[in-house]
Every structure is written in C-alpha cells, then in structure tokens.
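> First to last, the sequence lines map onto chains A and B. In this text, residue positions in the first sequence follow the numbering used here: the first is 7, and each later residue adds one. In this text, residue positions in the second sequence follow the numbering used here: the first is 23, and each later residue adds one. Don't be surprised by glycine CBs; every beta carbon is placed ideally from N, CA and C. Structure provided below as structure tokens; questions to follow.
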Amino acid sequence: MKALLLALLLLLPAPMLAADPVAIADVPLEDPAAEARAKALMLELRCLTCQNQAIIDSNAPQAQTMRVEVRERISAGEDPEEIRAWFVERYGDWVSFVPPARTDTALLWAAPFLFLVLGGLLLMRRIKR
Amino acid sequence: MKKLFWLLPLLFFAGLLALMGGNLGKPTEAVIVSHMIGKPVPAFAFEGTAGAEGLSRADLSAGGPPVLVNVFASWCLPCAVEAKQLQALADKGATLHGIAVRDTADNVARFLGKHGNPFSRIGLDTQGRMMLALGASGVPETYVIDGKGIIRFQHLGEIRAEHVPILLAQLEKAK
Chain A
7 MKALLLALLL LLPAPMLAAD PVAIADVPLE DPAAEARAKA LMLELRCLTC QNQAIIDSNA
67 PQAQTMRVEV RERISAGEDP EEIRAWFVER YGDWVSFVPP ARTDTALLWA APFLFLVLGG
127 LLLMRRIKR
Chain B
23 MKKLFWLLPL LFFAGLLALM GGNLGKPTEA VIVSHMIGKP VPAFAFEGTA GAEGLSRADL
83 SAGGPPVLVN VFASWCLPCA VEAKQLQALA DKGATLHGIA VRDTADNVAR FLGKHGNPFS
143 RIGLDTQGRM MLALGASGVP ETYVIDGKGI IRFQHLGEIR AEHVPILLAQ LEKAK
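The following block contains the structure:
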C-alpha cells in the first residue's frame with residue numbers, strides 16, 4: 007500500500023511540488039475600530055490575481071500583500087480614502103469597486119435617477135389616460 | 023409604422039443576445055497595466071542576496087544608462103521559463119537587476135544556481151512590497167527604468183524570445 011502511494015506521489019506533476027511564496031503576517035489589527043476601517047476598505051479593493059474578488063476574501067499572495075499594506079497604513083493613522091487613492095495611483099480606477107464620482111462618470115451615477123424619472127413619466131401618462 | 027414600434031423591444035433583445043453570444047468564450051481577465059509608467063520609482067532599499075549586492079532607488083537614479091528591473095521569485099514557474107531570455111538580454115549588453123519577491127535567501131540562491139544568474143544586483147523583498155510600489159499585477163514582470171529612475175516601460179508576464187528585441191528597443195528609447 008505504501009509503495010503504491012509513493013508511486014502515485016511520483017506521478018504528481020513537478021509544479022505541484024514547487025515551494026509556496028513565503029508566508030507574511032496577515033493578521034487582524036489589535037484595535038477593533040482600526041480593523042473595522044481596514045476591513046471596510048478591503049471589501050472595496052479588487053484582487054489583481056483573482057479578479058472580481060475583493061482582497062478581503064482572496065487567498066492570492068498579492069491580495070495578502072495588499073491586506074498587509076492596508077492594515078499598516080490604517081494603523082499609521084492614514085485615512086481609508088487616502089489609501090484607496092494610493093492604490094488607484096498604481097493600478098487605475100479598476101482596483102476599486104466603487105466608481106469615482108467625476109464628470110466622465112456622471113452618467114453612471116445619474117442613470118438610476120434618470121430611469122426613475124422616465125418610469126414616473128410613463129406612469130403619469132398611463133394614469134392620465 | 024406602429025407595428026414596427028412594437029418590434030423595437032424584440033430587436034433590442036436580439037441585439038443584446040448577439041452581444042452576449044459574441045463575448046462567450048472570450049477571456050474575462052483584464053490585463054492591469056501599471057499606472058506608474060512615466061513616474062519615478064518609489065523609494066525602496068533591499069538587502070542583497072545570493073552573493074549579489076542589494077538594490078535601492080539610489081542605484082536606479084544615479085544617472086547611468088537605462089536598466090531592466092526584473093521582478094521574480096523562486097516559487098514562480100514562468101520565471102524559470104524566462105531565465106534563458108534574461109541571459110540573452112544580458113549577453114546583448116543590457117544591465118539587469120532583480121527583485122526577488124516573497125522569497126528567502128536560500129531559495130533565491132538555489133533558483134539562480136539552477137537557472138543561471140543574469141543580474142548585476144538583486145534585492146530581496148521578503149514581503150513583496152515592491153510589487154505594489156511598481157504597480158505590478160503578477161510575477162514575473164520586467165521594467166525599463168531610465169538613468170533618472172523614471173519607469174519607462176512595463177513587460178507583463180514571462181519574456182519569450184520574441185520579446186527580447188522589444189525590450190532592447192525600449193532600453194535604447196529610454197536613453
């Protein structure tokens with residue numbers, strides 16, 4: 007049985023035996039208020055490796071590095087929005103799940119209200135009839 | 023005319039279906055290019071490893087010719103694949119510096135012993151912070167940095183034979 011297991015182990019492709027990245031301290035901050043601020047931001051930052059996943063629940067090494075960066079900056083007293091801006095400076099708007107409020111994104115932010123007005127107008131026409 | 027008006031939603035739906043169908047099977051992974059291109063390298067200083075001297079921003083902004091900075095790791099498989107091309111670049115006169123991310127001195131030494139060491143300087147970034155500083159979205163990545171320490175070009179992923187002339191041209195351009 008042991009020999010069979012060993013033989014099976016040898017069949018594993020070599021890449022599976024490659025060493026993992028060095029583990030880094032990825033632990034919550036001691037101050038619960040600071041940790042809450044850090045977590046709120048981690049929910050809104052996008053993982054670069056497993057895209058469409060927030061860094062808060064990604065196992066990718068780079069998401070881990072990003073969490074460490076966020077926690078370190080939070081505990082140094084930095085404002086979450088400053089930290090978000092720091093990431094956007096490096097990776098563009100893409101890295102944040104919250105679209106920025108700028109003139110070129112005005113339509114995006116206004117769209118719900120535009121549709122509401124449109125719906126209201128249609129409804130009014132119907133009622134009048 | 024009125025009949026056509028009622029066809030509009032159907033046409034809209036058909037258009038939507040065509041759009042979605044056309045995108046089926048396309049890779050959804052976006053390529054995240056660094057927004058640090060054209061900006062100076064952020065301040066950093068890493069200890070050397072594998073017998074090489076360390077790397078810091080001062081080394082990259084001393085006014086010399088442009089250099090290549092390769093972000094690699096011993097645990098990264100494409101890094102082993104591109105080792106041959108890095109050597110080719112070094113043979114053609116390019117200066118290469120390495121930054122080993124989330125790695126240990128032992129593993130880096132073993133990796134370079136096995137795949138060759140084309141680097142003049144190697145910084146050991148045990149925490150992988152340099153990736154965030156450079157706007158890197160993976161390993162390996164290679165940057166062209168000019169004599170003033172400005173990031174001029176980013177190559178994402180492993181370097182294949184066809185990328186060698188591109189990188190040499192970018193080095194020339196950064197002069």
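Give the residues from the region 68-98 of chain B that approach chain A closer than 9 Å (Cβ to any Cβ), ordered along the chain.
So the close ones are ALA95, SER96, TRP97 and CYS98.
> What do you get for ILE181 (chain B), buried or exposed, if any count of 16 or more other CB atoms within 10 angstroms of its CB means buried?
ILE181 (chain B) is buried by the Cβ-count criterion.
> Please tell me whether PRO64 (chain B) and ALA155 (chain B) are closer than 7 Å, where the distance is taken between their beta carbons.
In this structure, ALA155 (chain B) lies closer than 7 Å to PRO64 (chain B) by Cβ.
> Could you round the C-beta distance between SER83 (chain B) and GLY171 (chain B) to whole angstroms and report it? I think they count as a contact, below 8 Å.
Going by Cβ atoms, the distance from SER83 (chain B) to GLY171 (chain B) rounds to 3 Å, so yes, they are a contact pair.
> Near LYS61 (chain B), what residues of its chain come up, given a Cβ to Cβ distance below 8 Å and the 5 sequence neighbours on each side ignored?
For LYS61 (chain B), where only same-chain residues beyond five positions count, the Cβ hits under 8 Å are ILE172 and ILE173.
> Listed in chain order, which residues of the region 64-90 of chain A have Cβ atoms closer than 9 Å to some Cβ of chain B?
So the list reads PRO67, GLN68, GLN70, THR71, MET72, VAL74 and GLU75, given in the order they occur along the chain.
> Going along the chain, which residues of its own chain have a beta-carbon closer than 8 Å to the beta-carbon of ASP99 (chain A), five neighbours each way excluded?
Answer for ASP99 (chain A): PRO105 and PRO106, listed in chain order.
> Determine which residues share a DSSP beta bridge with SER78 (chain B) and list them.
B:ALA67, per the DSSP bridge assignment.
> Taking the alpha-carbon positions, what's the GLU75 (chain A) to ARG151 (chain B) distance?
Those two C-alpha atoms are separated by around 8 Å.
> Please confirm if the region 129-138 of chain B is in contact with the region 67-74 of chain A, defined as three or more CB-CB distances below 8 Å between the two stretches.
No contact exists between the region 129-138 of chain B and the region 67-74 of chain A.
> Got a sec: is the Cβ-Cβ distance from ARG131 (chain A) to anything in chain B below 7 Å?
False, the Cβ-Cβ gap to chain B never drops below 7 Å.
> Below 7 Å on C-beta distance, what does ASP1 (chain A) contact in chain B?
With chain A covering 7 to 135 only, the question about residue 1 (chain A) has no answer from this structure.
> Can you give me the start and stop residues for the alpha helix (DSSP H) that ALA191 (chain B) sits inside?
Segment 186-195, the alpha helix (DSSP H) holding ALA191 (chain B).
> Run the CB neighbour count on VAL123 (chain A), radius 10 Å, all protein chains shown included, and call it buried at 16 or more, exposed below.
Exposed.
> For the region 111-164 of chain B, list the beta strand (DSSP E) runs that are entirely contained and at least 3 residues long, ordered along the chain.
Runs of the beta strand (DSSP E) inside the region 111-164 of chain B: 118-123 and 143-147.
> Taking DSSP as the reference, what is the three-state secondary structure of ALA9 (chain A)?
Looking at ALA9 (chain A) - three-state DSSP - the assignment turns out to be helix.
> Looking at the secondary structure, which residues open and close the beta strand (DSSP E) in which ARG108 (chain A) lies?
Looking at the DSSP string, ARG108 (chain A) is not in any beta strand (DSSP E), and its letter there is neither H nor E.
> Could you work out which residues of chain A lie near LEU154 (chain B), taking near to mean beta carbons separated by less than 7 Å?
Residues of chain A passing the Cβ test: THR71, MET72, GLU75 and ARG96.
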